[in-house]
Structure formats: structure tokens, C-alpha cells
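Chains A and B, in that order, are what the protein sequence lines are. Each residue of the first sequence is one higher than the one before, starting from -5 at the first, in the working numbering. Each residue of the second sequence is one higher than the one before, starting from 29 at the first, in the working numbering. Read the structure below first, then the notes.
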Amino acid sequence: DGGITQSPKYLFRKEGQNVTLSCEQNLNHDAMYWYRQDPGQGLRLIYYSQIVNDFQKGDIAEGYSVSREKKESFPLTVTSAQKNPTAFYLCASMRPGPGNQPQHFGDGTRLSIL
Amino acid sequence: KNEVEQSPQNLTAQEGEFITINCSYSVGISALHWLQQHPGGGIVSLFMLSSGKKKHGRLIATINIQEKHSSLHITASHPRDSAVYICAVLRGGNQFYFGTGTSLTVIP
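Rendered as C-alpha cells:
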């Protein structure tokens, strides 16, 4: 079955440490997204990528970095510059093009600080 | 002010009740997406619509583009419908903006 796989499900970060969240999709979608979800707030866009080797900052990109070396993979690194990383992180993909297409989501990664 | 507003924030219903969740937005959009988030966090797409009405099983979604408003209805609600329902609007063809969600609890 096609879908989006995020790993790990739970992740703990120590002070000053960078951590990387994995997102892999086998839907052959061109566009991929990273969102952050905090209690009481809507999903907020961190980064998105519409094609391989290209990505754009979202509303809250500071303290995060991404890469898009392969169509199916869009890893997110939470750097030590992100002072409040505790949140639920969701990866999504979409097939842009004529006709509005829905986003497909992974099951998320919950990041906490040790 | 959030560009996408949902109401109510929390909703408790008895099994069998008809439920309505509302979404209003303040910007021009190309489509609106209704999503369901389960307690574990996973998100499932329910409807994507840009006009009129869509129906899938006990779920019905409507949108009024002129009034910038959409509703999600659940008929004959069931405890398994308990989840957070999220409205998202699509702008520019590739970016979504999300409401804060409506937490629904259906009591047996």
C-alpha cells in the first residue's frame, strides 16, 4: 500500500543536540511538507518542497533544516538553534497539478527535550 | 487573527446525534480540506472541495465560496467518530493554512 512513513514515532533531544526526523513516501508525489503541531494551535508550516533539490521556508523555519535529494525522502533536522522543539511533527505529501489534490499525512513524530 | 476559524472548539454529543462543525476563512482559496486526526496523532483526509457538497457514508461536507464558509456534518454519530476534525484551506495551489481543530467526543 502506498503511504507516508515517519520515523521514529518518539524522539528525545538533549540540550545542544541536532536530531533528524525521517519522512519517506511511495506515492510518487512531487510536493512534500513538514508541519509542527502544538496544543491549541493549528498545524504550522516549517518547510516545503515541490521538486527534488528545491525547498522553501514556511512560516516557522528558524532552527530547522531540510534536504530533498530524492523524490521519496524529505528529512527534517531540528537544530540546537530551535529553543523550543517539543512538539508533534507531521510530514505530508501532495501531487500538485490540475484539479485540487488532497494532502496525505504520515503518523507523526513526537519530539521531547530530555 | 487566524485566517481559518473553526467552531466549536470542543463538542460532546450522544451517540446517534447529528453533528455540525463549522469553518470560516477570510482569504481567497482554491479549495478546502477536511481532515480527521485520531488520538494517536495520525491524520486522515476526509474531503477536498472547492464548491457545492460532497458525501461519503455518514459524512457530508458543504462549502459556500461567497460566504467563505464550510460545514462538516456527521449523521447518526458513533463513538468511533470521536476525533479532532481540522479544516484547512488551499492557497496558491500548493500551501495549506489550518484551523485549530474541533475536538469531538461521542458518548455511547
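Don't be surprised by glycine CBs; every beta carbon is placed ideally from N, CA and C. Quick caveat: nothing in here was measured; it's all calculated off a predicted structure.
Reduced DSSP secondary structure (H/G/I, E/B, other) of residue i
| i | result |
| --- | --- |
| Arg38/A | strand |
| Arg119/B | strand |
| Arg108/B | helix |
Paired residues, beta bridge with residue i - DSSP
| i | result |
| --- | --- |
| Glu9/A | Looking at the DSSP assignment, Glu9/A forms no beta bridge with any residue, so it has no partner. |
| Asp46/A | The sequence as given places Val at residue 46/A; Asp does not occur at that position. Answer is none; Val46/A lacks a bridge partner. |
| Glu140/B | For chain B, the structure presents residues 29 to 136; residue 140/B sits outside this window and is missing. |
| Asn38/B | Ser131/B |
| Lys96/B | None, per the DSSP bridge assignment. |
Proximal chain B residues relative to residue i, where beta-carbon distance stays under 8 Å
| i | result |
| --- | --- |
| Asp101/A | Gly68, Gly69 and Gly70 |
Segment limits, beta strand (DSSP E) that includes residue i
| i | result |
| --- | --- |
| Thr71/A | Leu70 to Val72 |
| Ser106/A | Thr103 to Ile107 |
| Ile88/B | Leu87 to Asn92 |
| Leu63/B | Ala59 to Gln65 |
| Thr(-1)/A | Ile(-2) to Ser1 |
Cα-Cα separation, residue i to residue j
| i | j | result |
| --- | --- | --- |
| Leu70/A | Ser59/A | 6 Å |
| Gln50/A | Ala104/B | 43 Å |
| Pro96/A | Leu84/A | 15 Å |
| Gly10/A | Ile107/A | 10 Å |
| Ile45/A | Leu100/B | 33 Å |
| Leu21/A | Gly(-3)/A | 6 Å |
Contacts that residue i makes with chain B (C-beta to C-beta distance below 7 Å)
| i | result |
| --- | --- |
| Phe82/A | Gly69 |
7 Å Cβ cut-off: residues of chain A touching residue i
| i | result |
| --- | --- |
| Asn122/B | Ala25, Gln44 and Pro90 |
| Leu118/B | Asn94 |
Proximal chain B residues relative to residue i, where beta-carbon distance stays under 9 Å
| i | result |
| --- | --- |
| Gln11/A | Near Gln11/A there are no residues of chain B at all, since even the closest Cβ is about 23 Å away, more than 9 Å. |
Within chain A, the residues that residue i reaches when beta carbons sit closer than 8 Å
| i | result |
| --- | --- |
| Ser78/B | Asn94 |
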